[in-house]
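Chemist:
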Amino acid sequence: MFHIKWKSRKMTSNADGSENRVPAWDYRYSRYPQQYKQQKHPHDQSVATYRGHSVLRTLIRCYFSPTYSTGQKYIYTGSYDASVCIYDVVGLYSTCMAAH
Numbered sequence: 001m002f003h004i005k006w007k008s009r010k011m012t013s014n015a016d017g018s019e020n021r022v023p024a025w026d027y028r029y030s031r032y033p034q035q036y037k038q039q040k041h042p043h044d045q046s047v048a049t050y051r052g053h054s055v056l057r058t059l060i061r062c063y064f065s066p067t068y069s070t071g072q073k074y075i076y077t078g079s080y081d082a083s084v085c086i087y088d089v090v091g092l093y094s095t096c097m098a099a100h
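Quick note on UniProt numbering: the sequence shown kicks off at 1 and runs consecutively.
1. Should the segment 42-61 be called in touch with the segment 79-97, which here means at least 3 C-beta pairs below 8 Å?
2. Does the ligand NAP have a heavy atom nearer than 8 Å to the CB of Ser-65?
3. Report, in whole angstroms, the separation of the C-beta atoms of Ser-83 and Tyr-74, which I expect to be a contact under 8 Å.
4. With distances taken Cα to Cα, identify the nearest neighbour of residue 129 among Tyr-63, Gly-78 and Leu-56.
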């Protein structure tokens, strides 16, 4: 199974984001092309990258943990394989729990 990465992003200028793009594949219907697994887009504005969960055939949301209990120290997200992944914001810790 292929696991993709989740990214925090910063803003992109209009010049960088204005290219007409035709998608070669659609994550809702297609498998992720293996040749692009580790490829970085030339206009990638990622601030952080988190690996371990899959986002295929559905739009999976990621959230920060509550401020009042954890100070938003963690990011949690679902995965295509029905697991839940938890990431430490600074990247020191991560875990994925399988569905039961």
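Just so it is clear, CB atoms sit at the ideal spot from N, CA and C, and this is done for glycine as well.
As the structure is a prediction and not an experimental result, all values here were calculated from the model.
Modeler: By the coordinates alone:
1. Segment contact: the segment 42-61 against the segment 79-97, three or more CB-CB distances shorter than 8 Å; contact assigned.
2. Of ligands this structure carries none, so the ligand NAP is not represented either.
3. In fact, because the Cβ distance is near 16 Å, the residues do not count as touching under 8 Å.
4. Beyond the ends of the chain as shown, which are 1 and 100, falls residue 129; an answer cannot be given.
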